[in-house]
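**Q** Please find one structure pasted underneath; my questions will follow.
Numbering (my numbering), first residue to last: -5 to 700.
The following block contains the structure:
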């Protein structure tokens, strides 16, 4: 099944850039594994470590899963690297410092400095787009010649431009063929091809953005590159032109039997006779297909993340669910046990048929089979007749129940009518006279209610007018009182009002004020205004004195700011030096990771070679011992190298920690200076605020004498 497995997400991002001459070949498994570890996501996100934990010698991780390394297989021969792969490879090489440096002449005689090769976007690499378009066209031509149903693109094979001259209809037919290998007989692209293609690529988790403009016009210059990248992505799901197509058995339903089911049926008929009902039990229904599609999406995510253990668990659970639905068995072990028992029984029957003890047993067997067929036919006829009789009986019972229900409803209606007639208290004439009297009483009551309503409306209107007038007066008094309270709350005005001596400064009015109350409040307000003018003049003089003191404090603070800036610049320089040291350590760590990965690959190769040599134990014992000894020497050398490197890095980290401690001491000295300056500033502020204010008592005495 690895033939139908797509490429992982890491294969689109983290492959190493090869030379231009090898662009038409697929990468090997070793280069895929080495490139997958240098993806941007894996190199940028580094979990934080403690200093003590980073110094401990880390063991080599030389065990790898062979199945995860061998799960992806090339599908159709040598294929060129995609542009997305080359772009990610160039980014990895630029980060690791392994890009090739080229020299280009600048003015004819002076060489330009070395520059790294800039990565090219997938759709803008014209050479790759042209080569890949020609390869896709050749593949479609081979498929078109080998398939029974031809695609409507035969005119593109003879044109020099190829896919650049395809129409919308041809583009849709190509996509339908490619989607056929993913969703089988379901028509993916219809009339609204833009929306259908966009939704389909979202389901496939296409790594690039799908723009509707280049789906509408796929052959224009700005959209042809995007279309080729999309077709290159879909080519990973189709088989090669020289391989026979194989259908997935789980993609078929009972309404659409596949060639796989037909082949299974033919093989089964060759060995033993089976009925049509038994063959239908092999086919999967829509419910099982829904289960398989849901679990397959989860399995693809786990496979893409290379979580082999979780993937195996999910496959086992899905297999057990499918066996439970189709076979009424708990798990695969029970199914295998049932198959083994049936095989044993079949073998016993074959042995009996091949070695008959009496020649008449075959004739008896044929006679019994004929009788069995006759009895089954009679049983089927009787069952069909019984079904018809049961259907007729059900119809008659339903009609009888319906008639009984109608009869019960008629009887209930008659009973209700009898009760209504028996419960009447008055005759028809008495009822008419009572109704006339009640109408007269209602008219009198309505006239009286109208009179009462008119009087109540007039009274309410007068009350509303009076309440409005009172409310306006109360609002005015409350507004004046609120302003007076705000003035009394003000600390400056409150001090003037308290220092007035015998003079009363009650500015609030009662809720029902008189003219005398209003005149008293006016006199108090005039006196308060005069006091406020005198206080304003004194505040202006005091403000001038405070401004002079503030200017002096600002000069002192500027001097302290310059000193703080100098110390901060020194701190930044120390941080910059520490960052350089950290970058050097990271490069060394990356080189160490590459070395570890190379050692892991070597060990995997030795394990594979050991598996081959186990089949020929007598011939390869000496080679096996030599390879084991070589692996042990390699591991010992790697461990020695790792220990030496850890010692060197620990010594380097000790130097960095000493430098960091010196910088922290300088920072503490700076903080102590800042605390001293802040204390001096607070003392100056306290001196300013501690000066007593001039008293207003002489001014008040002068006003009293007047």
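Ideal placement from N, C-alpha and C gives every residue a C-beta, glycine not left out.
Compute the Euclidean distance between the alpha carbons of residue 285 and residue 195, then round it to the nearest angstrom.
**A** One-based indexing of the chain shown puts residue 285 at position 291. One-based indexing of the chain shown puts residue 195 at position 201. Cα-Cα distance, rounded: 22 angstroms.
**Q** Which same chain residues end up closer than 7 angstroms to residue 221 when comparing Cβ atoms and leaving out the 5 residues on each side of it in sequence?
**A** Within the chain shown, numbered from 1, the residue matching residue 221 stands at position 227. Counting only Cβ-Cβ distances below 7 angstroms, and skipping sequence neighbours, we find 208 and 212.
**Q** According to DSSP, is residue 505 part of a helix, a strand, or is it coil?
**A** By one-based count along the chain shown, residue 505 stands at place 511. Reduced to three states, the DSSP call for residue 505 is coil.
**Q** Using a threshold of 9 angstroms, state whether the C-beta atoms of residue 158 and residue 115 are closer than that.
**A** Counted from its first residue, the chain shown places residue 158 at position 164. Counted from its first residue, the chain shown places residue 115 at position 121. Cβ distance not < 9 angstroms, so residue 158 and residue 115 don't count as in contact.
**Q** Taking 8 angstroms as the cut-off, does the stretch 558 to 569 touch the stretch 653 to 665 (at least 3 CB pairs, one atom from each stretch)?
**A** Counting Cβ pairs under 8 angstroms, three or more are found: they touch.
**Q** Please say whether residue 540 and residue 670 have beta carbons closer to each other than 9 angstroms?
**A** Numbered from its first residue, the chain shown carries residue 670 at position 676. Numbered from its first residue, the chain shown carries residue 540 at position 546. Taking 9 angstroms as the Cβ cut-off, residue 670 and residue 540 do not qualify as a contacting pair.
**Q** Return the CA-CA distance between residue 296 and residue 564, expressed in angstroms with no decimal places.
**A** The residue labelled residue 296 in the question sits at position 302 within the chain shown. The residue labelled residue 564 in the question sits at position 570 within the chain shown. Going from the Cα of residue 296 to the Cα of residue 564 covers about 50 angstroms.
**Q** Along the chain, where does the alpha helix (DSSP H) containing residue 449 start, and where does it finish?
**A** Here residue 449 corresponds to residue number 455 of the chain shown, with the count starting at 1. Per DSSP, residue 449 belongs to the alpha helix (DSSP H) from 422 to 483.
**Q** Does the stretch 590 to 599 come close enough to the stretch 542 to 562 that 3 or more CB-CB pairs lie under 8 angstroms?
**A** Segments in contact, no.
**Q** Determine the extent of the alpha helix (DSSP H) in which residue 120 is found, giving its start and end residues.
**A** By 1-based counting over the chain shown, the position of residue 120 is 126. 120 to 140 is the extent of the alpha helix (DSSP H) around residue 120.
**Q** Distance, Cα to Cα, residue 510 vs residue 471?
**A** Counted from its first residue, the chain shown places residue 510 at position 516. Counted from its first residue, the chain shown places residue 471 at position 477. Each residue's Cα considered, the two are about 15 angstroms apart.
**Q** If I measure Cβ to Cβ from residue 156 and keep anything under 7 angstroms in the same chain, skipping five residues before and after, which residues do I get?
**A** To locate residue 156, count along the chain shown from 1; it is residue 162. Cβ neighbours of residue 156 beyond the five flanking positions: 127, 128, 131 and 150.
**Q** If we ignore side chains and look at the alpha-carbon of each, how far apart do residue 371 and residue 381 end up?
**A** Translated into positions along the chain shown, residue 371 becomes position 377. Translated into positions along the chain shown, residue 381 becomes position 387. Rounded to whole angstroms, residue 371 to residue 381 spans 15 angstroms at the Cα level.
**Q** Express the C-alpha separation of residue 504 and residue 457 in angstroms, rounding to a whole number.
**A** The count along the chain shown starts at 1 and reaches residue 457 at position 463. The count along the chain shown starts at 1 and reaches residue 504 at position 510. Each residue's alpha carbon lies about 23 angstroms from the other.
**Q** Locate the alpha helix (DSSP H) running through residue 221, then write down its first and last residues.
**A** Position 227 of the chain shown holds residue 221. Residue 221 -> alpha helix (DSSP H) spans 215 to 228.
**Q** Is it the case that the stretch 620 to 630 contacts the stretch 513 to 533, given that we only count it when at least three CB pairs across the two stretches are under 8 angstroms?
**A** With the cut-off at 8 angstroms, the stretch 513 to 533 and the stretch 620 to 630 do not touch.
**Q** Could you tell me how far apart the beta carbons of residue 218 and residue 123 are, in whole angstroms, since I believe they sit closer than 8 angstroms?
**A** Locating residue 218 in the chain shown gives position 224, counting from the first residue. Locating residue 123 in the chain shown gives position 129, counting from the first residue. Confirmed, Cβ separation roughly 7 angstroms.
**Q** Between which two residues does the alpha helix (DSSP H) harbouring residue 185 extend?
**A** One-based indexing of the chain shown puts residue 185 at position 191. No alpha helix (DSSP H) contains residue 185, which DSSP labels as neither H nor E.
**Q** So, under 8 angstroms CB-CB, residue 326 and residue 337 are touching, yes? Tell me the CB distance rounded to an integer number of Å.
**A** Position 332 of the chain shown, counted from the start, is the residue given in the question as residue 326. Position 343 of the chain shown, counted from the start, is the residue given in the question as residue 337. Wrong, their Cβ atoms sit about 16 angstroms apart, outside the cutoff.
**Q** Of all the options 223, 342 and 443, which has the alpha carbon lying nearest to the alpha carbon of residue 118?
**A** For the purposes of this step, residue 118 is identified with residue 124 of the chain shown, where counting begins at 1. Out of 223, 342 and 443, 223 has the C-alpha closest to the C-alpha of residue 118.
**Q** Using CA coordinates, which residue listed in 167, 611, 477 and 461 is at the minimum distance from residue 138?
**A** Translated into positions along the chain shown, residue 138 becomes position 144. Checked all of 167, 611, 477 and 461; the closest Cα to residue 138 is 167.
**Q** Suppose contacts are defined by Cβ-Cβ distances below 9 angstroms. Is residue 173 in contact with residue 182 by that definition?
**A** Counting from one through the chain shown, the residue named residue 173 turns up at place 179. Counting from one through the chain shown, the residue named residue 182 turns up at place 188. It is a contact, given that the beta carbons lie within the stated cut-off.
**Q** Label residue 169 either buried or exposed according to how many other C-beta atoms from any shown protein chain fall within 10 Å of its C-beta, with 16 as the threshold for buried.
**A** Indexing the chain shown from 1 puts residue 169 at position 175. Buried: at least 16 other Cβ atoms inside 10 Å.
**Q** Which stretch, first to last residue, makes up the alpha helix (DSSP H) that contains residue 170?
**A** Position 176 of the chain shown, counted from the first residue, corresponds to residue 170. Its alpha helix (DSSP H) spans residues 162 to 177.
**Q** Work out the CA separation of residue 502 and residue 538 for me, nearest whole Å.
**A** On the chain shown, position 544 is the one that residue 538 refers to. On the chain shown, position 508 is the one that residue 502 refers to. When rounded, the distance between both Cα atoms is 36 angstroms.
**Q** Applying the criterion that 16 or more other CB atoms from any shown protein chain within 10 Å of the CB defines a buried residue, is residue 199 buried or exposed?
**A** Start at 1 with the first residue of the chain shown, and residue 199 comes out as number 205. By the neighbour-count rule (16 or more Cβ atoms within 10 Å), residue 199 is not buried but exposed.
**Q** If I measure Cβ to Cβ from residue 474 and keep anything under 7 angstroms in the same chain, skipping five residues before and after, which residues do I get?
**A** If you number the chain shown from 1, residue 474 lands on position 480. Result list for residue 474: 503, in chain order.
**Q** Return yes when the Cβ of residue 329 is within less than 9 angstroms of the Cβ of residue 321, no when it is not.
**A** Your numbering for residue 321 matches position 327 in the chain shown. Your numbering for residue 329 matches position 335 in the chain shown. Cβ distance < 9 angstroms, so residue 321 and residue 329 count as in contact.
**Q** Is residue 190 buried or exposed, if buried means 16 or more other CB atoms sit within 10 Å of its CB?
**A** The sequence position of residue 190 within the chain shown is 196, counting from 1. By the 10 Å Cβ count, residue 190 comes out buried.
**Q** For residue 579, does the three-state DSSP call read helix, strand or coil?
**A** Position 585 of the chain shown, counted from the first residue, corresponds to residue 579. DSSP places residue 579 in helix when its eight states are reduced to three.
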